[in-house]
Amino acid sequence: MQKSVIVENLSKNYFKKEAVKEISFTINENEILGLLGPNGCGKTTTIAMMLGLLKPSNGRVVIHGLDIEKNRISLLHKMNFISPYIELPKKLSVKENLIVYGKLYGVKFISERIEYLSEKLRLEEFINKKTGELSSGQKNRVSLAKALINEPSILFLDEPTASLDPETGDFVRSFIEKISREKKMSILLASHNMDEVKRLCKNVLMMNNGVIIDKGTPDDLIKKHGKRNLEEVFLKLNRNNHELK
Amino acid sequence: MSLNRIIGLFLRHFFLIKSSLPRILDLIYWPTIQIILWGFISKFFTAYSDYYNNTVGVILTCAILYDFLFRSSISFNMLFLEEIWSRNFTNLFIAPMRISEIITALVGTALIRTLIGLVPAILITSPLFGISILNLGIPLFFLFLSLYIFGITLGLFVSSGLLRYGPAFENIAWSSLFLLAPLGCIYYPIEILPDFFQNVARGLPLVYIFEEARSILVNQVVNYSNIKNAFLLNAIYLFVGISLFYYSFSQARKKGSLINIGE
C-alpha cells in the first residue's frame, strides 16, 4: 500500500510546554485514519504541523515523498482542511466563497467544479445565499465543498460532524466514505464521535498529552482492551493516562 | 507568483464590498466629511492668514493628500482585520498562497478601497470650494504614488503585528497614522517643529511629500529633490516592511498564532 503521509518523530514545544512529543505514524492512500484524544491532547497541533501552519520543533512530515517544510506551497495544492473552529466569510454568498477558493487553489474549471460539488453536496437551493445566513448543517456542507474544491488527495477533517443533526451527520459521513473510496483520498479524521470513527476509520490513533498512547483498528483496540466499544476504550486509556500522570 | 491566486484574494474583498451598500457608503462617508471640514477651514485660513494668502486650497489639498495616505494604510489593515473577524484566517493560510501573492493582492485591493472613498470626495471639492487638486500638475501623480507606497508600508508594519500578536494589535492598527501625523508636517512647514522632532521628521517621506505640495501651490516651483527623497525613504521603509511581514509570518508559524488568531 502506498504511503501518502509519513509523520516522523514530530514534536512541538511552546516555550517549556511540550504539546506534541515525538509522534510517528503513516496514512496510506485510500485510508481514513482516526485521531482520537481528549481536548488539548495535541490533535490540532499535529494537524497544524501537517498542514504547514505550524513549524515543528523536531521531526518531519513527508507528504507524497516531499517534506512539508520545504515544499509547503506545492503540497498545499493537494491538501485541504475543515474544522468547526474556522469559517468562510459570512458576507459572501456560497458561490462567491467557492469561486474565491477555486481561484486560490488554482482550479481550472471553477464553474464546472462548483456545479459538481453543489450537486453532490446538495448546495443548489442556497448557492446564492450569504454563507452567514445558513444553518449549521448547510454551513458544514459548504465547508466540505470548499475543502473539496481542489480535489485534494489528502484531507484533514477536524470534527466534521460536530453540532450536526443526526440526518445531516449521516449524510456527511456517507459522503466522506464515498469520496474517500472513489477518489482514493487519504483522510485524517479527528473526532469525538466514536461511532463515526468506528464506521469510517480503518485505523485509529489514540492520543493523550501529546503522545500516541495506542493504535490499531477499532475492532482490535476493543478486543485488546476487553471493552464493548471504542468509547469505553477511549475512557479506559484516558483514565489510565490520567492516573499515571 | 500566480495571477489566479492574486485575483482570488482580490475577489474575496471585491465580493464583500459590492454586495453591501452600507460598506460602500462607509468607505465614502469619512473622506467626504473630512474634506468638507478641511474645505471650510481652508477657506477661513485663505481669507485670514498671511502665510496662506492667495494660495487657495493649500490646506485642502494637503488634507486630501493626507486622507489618501490614511485611507491606503487603513484599507490595507482592514483587509487583514476582515480575515480575523470572519475567522477565515486559517483558511487563507492553508491555501497555497505565497506571501508575495498575499501582499500583491492586498496592495491592489487597498488601492480600489481607497479610490472608492476618495474619488467622490475629491470631485466635490471643485463645485463646493472651487479647488482642484489637479492644480498640482504632473507631480501630483508622484505625490500620490509616494503616499500610497508609504500607506502600504505602514499597513505592512501593522499587519505584521496582527499576524504575530493577533487581534490584540488591532488598536495599534487604528492609531498608527495618528502617531505620525504631527511629524509628517502636513499642514505646516518642518521649521515649526522643535529641533529634535525636525531630525526625526526628516526621516519620514511625508515631510518631503507635503513640502513639495506646498512648494508647488505656494511658490509654483516643482522641487524634484523632495520627490526623490520621498521615494528613496519609501524604498527603505518598504523593504523593511516586507521583510518584517515575512519575519512575522515565520514567527507566527513557530508560535502557532496562525491557528488561533480569530480567538
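Residue numbers (our numbering), protein chains in the order written: chain B, 1336 to 1580; chain L, 1162 to 1424. All residues carry an ideal CB built from backbone N, CA and C; glycine is no exception.
Contact set between residue i and chain B, taken where Cβ atoms lie within less than 8 Å
{"i": "L:L1172", "result": "E1431, I1434, V1435 and K1438"}
{"i": "L:M1427", "result": "Past the boundaries of the shown model lies residue 1427 of chain L; chain L is included only from 1162 to 1424, so the question cannot be answered."}
{"i": "L:A1256", "result": "L1411, Y1436, L1439 and Y1440"}
{"i": "L:S1163", "result": "G1441"}
Candidates the options: closest to residue i by CA position
{"i": "L:H1174", "options": "B:Y1436, B:S1498 and B:V1568", "result": "B:Y1436"}
{"i": "L:L1284", "options": "L:I1189, L:N1165, L:G1316 and L:F1406", "result": "L:I1189"}
{"i": "B:K1378", "options": "B:L1345, B:M1414, B:S1488 and B:L1479", "result": "B:L1345"}
{"i": "L:Y1408", "options": "L:S1320, L:L1338, L:N1384 and L:A1362", "result": "L:S1320"}
{"i": "B:T1503", "options": "B:I1522, B:L1479, B:D1555 and B:N1485", "result": "B:L1479"}
{"i": "B:N1544", "options": "B:S1339, B:I1367 and B:G1372", "result": "B:G1372"}
Cross-chain neighbours of residue i in chain B, by beta carbon under 7 Å
{"i": "L:N1252", "result": "I1421 and L1423"}
{"i": "L:S1181", "result": "K1426"}
{"i": "L:S1247", "result": "E1422, P1424 and K1425"}
Extent of the continuous beta strand (DSSP E) to which residue i belongs
{"i": "B:E1343", "result": "K1338 to Y1349"}
{"i": "L:A1256", "result": "From DSSP, L:A1256 is part of no beta strand (DSSP E); its letter is neither H nor E."}
{"i": "L:S1404", "result": "Taken as a continuous stretch (DSSP letters only), L:S1404 belongs to no beta strand (DSSP E), being part of the alpha helix (DSSP H) at Y1385 to K1416."}
{"i": "B:T1496", "result": "That residue, B:T1496, is in no beta strand (DSSP E); it is neither H nor E in DSSP."}
{"i": "B:G1504", "result": "B:G1504 -> not in any beta strand (DSSP E); alpha helix (DSSP H) instead, spanning P1501 to K1518."}
Cutoff 7 Å: residue i Cβ touching any chain L Cβ
{"i": "B:G1441", "result": "yes"}
{"i": "B:K1474", "result": "no"}
{"i": "B:H1399", "result": "no"}
{"i": "B:I1408", "result": "yes"}
{"i": "B:K1464", "result": "no"}
{"i": "B:F1350", "result": "no"}
{"i": "B:V1340", "result": "no"}
Beta-carbon proximity check, residue i vs residue j, cutoff 7 Å
{"i": "B:I1417", "j": "B:L1492", "result": "yes"}
{"i": "B:K1430", "j": "B:G1467", "result": "no"}
{"i": "L:P1366", "j": "L:A1391", "result": "yes"}
{"i": "B:L1483", "j": "B:L1452", "result": "yes"}
{"i": "L:L1324", "j": "L:A1256", "result": "no"}
{"i": "B:I1421", "j": "B:L1410", "result": "no"}
Enclosing alpha helix (DSSP H) for residue i [first to last residue]
{"i": "L:I1189", "result": "L1182 to Y1209"}
{"i": "L:I1260", "result": "I1260 to F1290"}
{"i": "B:K1464", "result": "Segment: none, B:K1464 is in no alpha helix (DSSP H) and carries neither H nor E."}
{"i": "L:D1147", "result": "Outside the shown range of chain L (1162 to 1424) lies residue 1147 of chain L, about which nothing can therefore be said."}
{"i": "L:F1248", "result": "Note on residue identity: the sequence assigns Arg, not Phe, to residue 1248 of chain L. Here L:R1248 belongs to no alpha helix (DSSP H), and DSSP marks it neither H nor E."}
{"i": "L:F1371", "result": "P1366 to N1380"}
{"i": "L:L1170", "result": "L1164 to K1179"}
{"i": "L:A1329", "result": "That residue, L:A1329, is in no alpha helix (DSSP H); it is neither H nor E in DSSP."}
{"i": "B:I1434", "result": "V1429 to L1439"}
{"i": "B:A1581", "result": "No statement about residue 1581 of chain B is possible, as the shown extent of chain B runs from 1336 to 1580 and does not include it."}
Neighbour flag for residue i against chain B, beta carbons, 7 Å
{"i": "L:F1176", "result": "yes"}
{"i": "L:L1419", "result": "yes"}
{"i": "L:R1325", "result": "no"}
{"i": "L:R1274", "result": "no"}
Interface residues of chain L facing residue i [CB-CB closer than 8 Å]
{"i": "B:K1386", "result": "The sequence shown places Leu at residue 1386 of chain B, rather than the Lys named in the question. In chain order: I1255."}
{"i": "B:F1461", "result": "Residues of chain L passing the Cβ test: none, with the nearest at roughly 15 Å."}
{"i": "B:A1383", "result": "G1417, L1419 and I1420"}
Per-residue contacts from residue i into chain B (C-beta, under 9 Å)
{"i": "L:I1168", "result": "K1438"}
Contacts of residue i in chain L (Cβ-Cβ under 7 Å)
{"i": "B:F1416", "result": "I1255"}
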